[in-house]
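Working notes, structure below.
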Amino acid sequence: MLATVLSATLRGLEGRPVRVEVDVAPGLPGFTIVGLADAALRESRERVRGALRNAGFVHPPRRITVNLAPADVPKAGSALDLGIAIAILVGSEQVHPQGRWALLGELGLGGEVRPVPGLLPMIAALARRGAGRVVVPADALDEARLVPGIIALPAASLGQAAELVRGRRVRGHGPMSRAELIPEEAESVPGSTPVDESWPDLADVRGQAEARRALEIAVAGGHALLMIGAPGSGKTLLARTIPSLLPPLDAAEAQEATVIASVAGDGPVRRLVTRRPFRAPHHTASYAALVGGGPRLAPGEVTRAHHGVLFLDELPEFDRAAREALRQPLEEGRIAIARVGGAVEMPARFQLVAAMNPCPCGWAGDPSGRCTCPLGLPDRYAARVSGPFRDRLDLWIGVPRVAPQALLAPEDGEASVLVAARVAAVRVRQLEARGRLAGRLSGRALRAACLLDTAAERTAIGLADAAGLTARATERLLRVARTIADLDNAERVQVHHLEEAARYRVPAMPSLSARGG
Amino acid sequence: MLGVGRDGARGEWRVAEVPTARGDGPAFEPEPPAARPAGLMKPGASRAPTSGLARPAGSPSLDEADAWAALVAVDGIGPVTLGAALAAGGSGRAVLEMAAGPGGPARLADAVAARGGRLDIALARAIADAAQQAPALAARVRGLGITVVTIESTAYPERLRLLDLPPPVLFLRGDPSALHASRSVAVVGTRRASERGRRIAGAIGGALASAGALVVSGLAVGIDGAAHAAAVASGGRTVAVLGSGHERLYPRAHAHLADEIVAGGGAIVSELAPDVGPLPGTFPRRNRVISGLADASVIVEAGERSGALITASWTLEQGRECFVVPGPIDVPQSVGCNRMLRLYPGQARAVPGVAELLEDLGLMATDGPPRVDARSLRAGRTVGPDPEAILAGRGTVEAAVARALLPRAATLQELVDETGHAPATILAILTRLENDGLVVAALGRYAVGGSLAATTPTGRRTHLGHGSVVREAGG
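Chains A and B are the protein sequences, given in the same order.
Here the first sequence stands for residues 6 to 522, where the numbers follow the numbering used here.
Here the second sequence stands for residues -17 to 457, where the numbers follow the numbering used here.
Given below as structure tokens:
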């Protein structure tokens, strides 16, 4: 007979409801799945067959046809396993369902129900479709309950799922009350980011006045930052303090971040994500890993860093194509991944922080003279950072090694909370005044934001001339000066703001700075 | 044709059995002064004087200097071959005309052979091609603002004339009279200079320039650049000798410095045609010209195999004075210098300090920096320009930041700790000082530059990496 249950699949970060129709008909035994199923889903047959048998059910020796509707939506992944198995049980009259059911979960051969990536957006899609209750993997119950308006019931095995569908209570897991279904709001209130000991505080950073200042400007104005320094000079530590400088995620941002965490598939999400993500992909990361894609259409690092920090250490070592691909997210805050059947778009608005050694050996420009690179090599190394990156990196700073005396000094630097307060004030100020952070201003909007008086204009022209700045580089100078002025509570960009901004321009590389007589 | 190895190169030079400048061959014999057109060699003249020969009909713009330039631009022609060709043809233009006609190359080769020289027929054909292109080359040279100075010209530096086989032609941008300074000192060293080495090169370059000496160097990054920059900043004249042609100025990063050198009354010199690129072999050859243009050479820092050592050997072979700045024995940039001092005792002289160097060069008596004796050195007095005079008229915070950088290069953090001003304030001031050429920045480290770098407070502390502070003098 025919049986129908609801399930869902993922497309990018979006869940799509899927109707699972199963016809168990007399005829030669067989098992066919139709309806744009991908490879993982076609393997579903084997998992379902094993799970049915090992969970004490009968795999009916009849002609089984599974249709996944709507037929034109590509379906991917193993979340449909549970729905298919239950529909077969219903279709072969081994289970008589009470009401209509939605089910999500991957099956093991022993009948276990396992969590799947993207449970959160799939349940949200089912809730929007009007499904009242959904059976979810027991291990992912916390994640499922983040979605309001739908009752999530946990099943650890195919047997438990069948019991639920029959309308019976599974031991220890009664239907939940509404109150329990509402996520804890407390964590999404701004200002209450939980203190996480594993993340460094700016107070842990010794010395580095210039890097501290640049970090503050970069975070306040959303400017991309590049740090150049020898190994061990503290670039990574500095970058890791950034999440503590950013304001906590607001409710909408937290929701997006949680969906991304769910789809990214690092295991079930336990609670609403309120901490800004800090992603530091290794420079050997593949193109797909960085921008997203792959057979499962997984979000890449750029998306996983959405609303947070993307830290690219050893920038010149990254694959050129991967670096080029960052141009779109840097400009538009989103990434489009082309697929058969249309591009999938994912959000990717992140604070870019990059770091590099000044040369392959890492010691160019260090007063110790330890650099062993052939002459000219450091310049060619730096030249690898070109094109969109050179233009998109608003702040460039050198991070010199900290002298041992400073490392051992007793006093702490300024703590992150103090800097974060100034950063938050500037962000509010910039968003109110211009609707976007200074790091995202360009063209006319930028000129309007940086109306210069005569003295400041003369300075700007002088600075641009002296350094032979291109139009883009001059825009960078203005953007940074705008944020410095905002940090200074100044309405207008003044001479000293421009002069400070000029410090963060693309530096002469050490082997060229021979004029340091 | 000039190998990298000093001895090999010299050997080749000595194979020559053709007339040299010091010999009595007709081609290289300087003209008698009476034959020279008067008044052509004013400082800043854009053209070299012609040799005084009549211009051939049909190529009114091609004078003898242009013809020489066309000949040396031929790949494979050096002083020896050029001398042989000129001896056979009588003049550069005559050589070109002879090669250009039908059957010209063979005729030219025969003419050279008749005089006991040897000219490859392929080279003779190349000369025929050069004859075709000579007017274009001459126009290009003029367009670049280059003066062609031949060895026949009064503009040719006398010091260079004293060499065995001097370069027959110099391509010169700037003021030819700079080459005739009464005192001329080369300051050279490694491109991989340490911060300390650049400071010393700057101090020496600045002090020499202030004392009225011409500073000659190779425009390379590192020591050379620091010496040039300090000389320019001190208002002195300096000459850079290129290891490439003018159109292929190397390193490109010093194009701006080259302009400043010319603007300061100095000159950029190359013995290579404008389109010759920088090649490994061209630099040893360049080094010979550097030492040849100077009365004495100072080697500031040289690694074990630094090209500066080639300059030092040329200096000794040319019978000029060679000074070497000694360095710590555990620093790669000092290995070559210290080895020079060991291998050439009595020839390579140690430089214990800038004041002593000036004294040894006999520059103290001029209107240069104040005479400094050992006692005032120990007392920490200065030679060279007074930093306070340079900082006069600047804001107190600006002066404080600059003063904090005088003893040594520093990071922003060190400047904050020392001056007590806010990072933002200091950063803005650093930009101001950098734009005025008083500060240079590299990867988070700031150092005094320009005329400030040329000040040499003795007893100044210098950072050698972290923690280790040495007394540079008078300690």
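Glycine included, every Cβ here is placed at the ideal spot set by N, Cα and C.
No experiment lies behind these values; they were computed from the predicted model shown.
For B/E79, the closest of B/A330, B/D418 and B/A49 by C-alpha to C-alpha distance is B/A49. Residue burial is scored here from C-beta neighbours: B/E370 has fewer than 16 other C-beta atoms within 10 angstroms and is therefore classed as exposed. Taking the Cα positions, B/L415 is about 60 Å away from A/A129. Between B/V198 and B/A235, the beta carbon gap of about 20 Å keeps them out of contact (Cβ cut-off 8 Å). Taken atom to atom, the span from the alpha-carbon of A/A285 to that of B/E380 is near 40 Å. For A/E117 and A/G110, the gap between their C-alpha atoms comes out near 9 Å.
Taking the Cα of B/A66 as reference, the smallest distance to any Cα among B/Q114, B/V313, B/I186 and B/A96 is reached at B/A96. A Cβ-Cβ distance of about 4 Å is found for the pair A/A8 and A/V95, placing them in contact under the 8 Å criterion. Counting only residues of its own chain and dropping the five nearest sequence neighbours on each side, A/A223 has a CB closer than 6 Å to the CB of L230 and L400. Its chain contains V169, V197, A209, A212 and A213 as the residues whose beta carbon lies nearer than 6 Å to that of B/G187, once the 5 sequence neighbours on both sides are disregarded; these appear in chain order.
Of all residues in the segment 493 to 515 of chain A, the ones placed with a Cβ closer than 9 Å to any Cβ belonging to chain B are D493, V500, H501, H502, L503, E504, E505, A506, A507, R508, Y509, P512, A513, M514 and P515, in chain order. Taken in chain order, the whole alpha helix (DSSP H) runs of length 4 or more contained in the segment 412 to 464 of chain A are 421 to 439 and 448 to 454. In the DSSP assignment, the residues bridged to A/P304 are A/G297.
Runs of beta strand (DSSP E) with 3 or more residues, each lying fully within the segment 283 to 341 of chain B, are found at 303 to 306 and 330 to 332, listed in chain order. Nearest CB-CB separation between A/Q435 and chain B: not below the 8 Å threshold. The C-beta of A/G239 comes no closer than 8 Å to any C-beta of chain B. Not flagged as an interface residue toward chain B: A/G20, since no C-beta distance is shorter than 8 Å. Where A/S267 is concerned, the enclosing alpha helix (DSSP H) starts and stops at A256 to A269. Distance from the CA of B/L291 to the CA of B/A222, rounded to the nearest whole angstrom, comes to 18 Å. Take A/G367, set aside five residues on each side of it, and the residues of its chain with a beta-carbon closer than 7 Å to its own are A235 and P236, in chain order. The beta carbon of A/L357 sits closer than 6 Å to the beta carbons of A229 and L315 from its chain, once the five residues preceding and following it are set aside; these are given in chain order. The DSSP-derived three-state label of A/I38 is strand. In its chain, beyond the 5 residues on either side, N320 have a beta carbon closer than 7 Å to the beta carbon of B/I311. B/P405 belongs to the set of residues whose beta carbon lies under 8 Å from a beta carbon in chain A. With 16 or more other Cβ atoms from the protein chains shown falling within 10 Å of its own Cβ, B/P158 counts as buried. For B/G247, the closest alpha carbon among the candidates B/A52, B/Y232 and B/A195 is that of B/A195. In the three-state reduction of the DSSP assignment, A/Q99 falls in the coil class. By the 16-neighbour rule on beta-carbons within 10 angstroms, B/I103 is exposed. If you ignore the 5 residues before and after B/S176, its C-beta comes within less than 6 Å of the C-beta of Q315, all in its own chain and listed in chain order. According to DSSP, residue pairing for A/N72 in a beta bridge involves A/E26 and A/V39. Apart from sequence neighbours up to five positions away, the residues of its chain that approach A/P65 with a beta-carbon distance below 6 Å are V29 and S97, ordered along the chain.
Residue environment: A/V121 is assigned as buried (16 or more neighbouring CB atoms within 10 Å of its CB, all protein chains considered).
A/A360 is not a Cβ neighbour of A/T464, given a cutoff of 8 Å. Cβ-Cβ distances below 6 Å link B/V282 to G171, G179, I182, A183, I205 and V307 in the same chain, with the five nearest sequence neighbours on each side left out; the list follows chain order.
Residue environment for A/P379: exposed (fewer than 16 other C-beta atoms within 10 angstroms of its C-beta). Residue range L196 to S199 is occupied by the beta strand (DSSP E) that includes B/S199.
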